[in-house]
Each structure stands twice: as C-alpha cells, then as structure tokens.
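The sequence shown begins at 1 in the working numbering and counts up by one.
Glycine included, every Cβ here is placed at the ideal spot set by N, Cα and C.
Since the structure comes first, as structure tokens, the remarks are kept for the end.
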Amino acid sequence: DLERRQLLAQTRGNLPAPLVLLFSMAESSVKVLEAPRDLGWYVVSLDAISTDPVESEPGLVGQTRQQLAPALVDEYRRQATAAMRAELGVTRNDPAIEALRKQLSGEQ
C-alpha cells in the first residue's frame with residue numbers, strides 16, 4: 001500500500017515496466033506484459049483503485065506524468081510493433097538472418 005511518491009523515491013525514477021503498466025490500467029482489469037530478453041511474462045492484475053485528493057500537492061500529477069512517460073512510450077511501441085506483426089503476418093527467416101549476421105561480422 002505504498003503511495004506513488006514513495007514508489008518513485010524507492011526506485012529513484014527507474015520504474016519497472018509492470019509498475020508503469022499498472023498505473024495505466026483500468027480498475028478490475030488484467031494485462032499481460034512480455035519480460036525483457038524473452039525471459040517470460042508478467043501478469044498485472046488491478047483489483048481496485050484508491051485515490052487521495054491531489055489538490056494538496058499541486059505538482060504531483062505533472063511530476064508523475066513526466067516520470068512515467070518514457071516507460072509508457074516504450075510500452076506503446078512494443079504493443080504497436082506486436083499488433084503490426086500480427087496484422088501483416090510477419091515471419092522470421094532465421095537461417096537467412098544468421099547467414100547475414102555471419103557475413104556482416106566477417107565469419108564467412
């Protein structure tokens with residue numbers, strides 16, 4: 001039950017992607033997020049949202065938006081890329097990719 005400012009203070013502004021996703025979700029929703037480097041998946045579930053009035057801290061909303069923006073941009077990029085791949089039916093030609101990698105690195 002930490003407040004946003006406590007979370008930000010603990011992480012020094014380096015917020016994990018699941019936490020950023022959590023703050024962009026609707027109440028009573030569940031989202032799945034791919035972990036970096038194909039290490040697995042995060043399942044983020046948000047049951048309820050409790051809020052305190054922000055009038056007492058006028059800069060809090062702007063500060064929070066500014067700190068979350070880079071991670072949200074990255075998340076939107078990943079989602080858009082995945083949607084485009086699914087829509088266009090993108091496939092990988094792994095042997096050709098490996099051959100090109102070897103050619104470019106001078107291994108051939």
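Beta carbon of residue i nearer than 8 Å to that of residue j
{"i": "residue 17", "j": "residue 39", "result": "no"}
{"i": "residue 72", "j": "residue 24", "result": "yes"}
{"i": "residue 21", "j": "residue 31", "result": "yes"}
{"i": "residue 46", "j": "residue 54", "result": "no"}
{"i": "residue 42", "j": "residue 48", "result": "no"}
Coarse secondary structure for residue i, derived from DSSP in three states
{"i": "residue 27", "result": "coil"}
{"i": "residue 16", "result": "coil"}
{"i": "residue 180", "result": "Residue coverage of the chain in this structure runs from 1 to 108, which leaves residue 180 outside it and unanswerable."}
{"i": "residue 108", "result": "coil"}
Burial state of residue i, where buried means 16 or more other Cβ atoms lie within 10 Å
{"i": "residue 88", "result": "exposed"}
{"i": "residue 104", "result": "exposed"}
{"i": "residue 68", "result": "buried"}
Length at least 4, wholly inside the region 29-91: the alpha helix (DSSP H) runs in chain order: Unbroken alpha helix (DSSP H) stretches of 4 residues or longer found wholly inside the region 29-91: 60-88, given in chain order.
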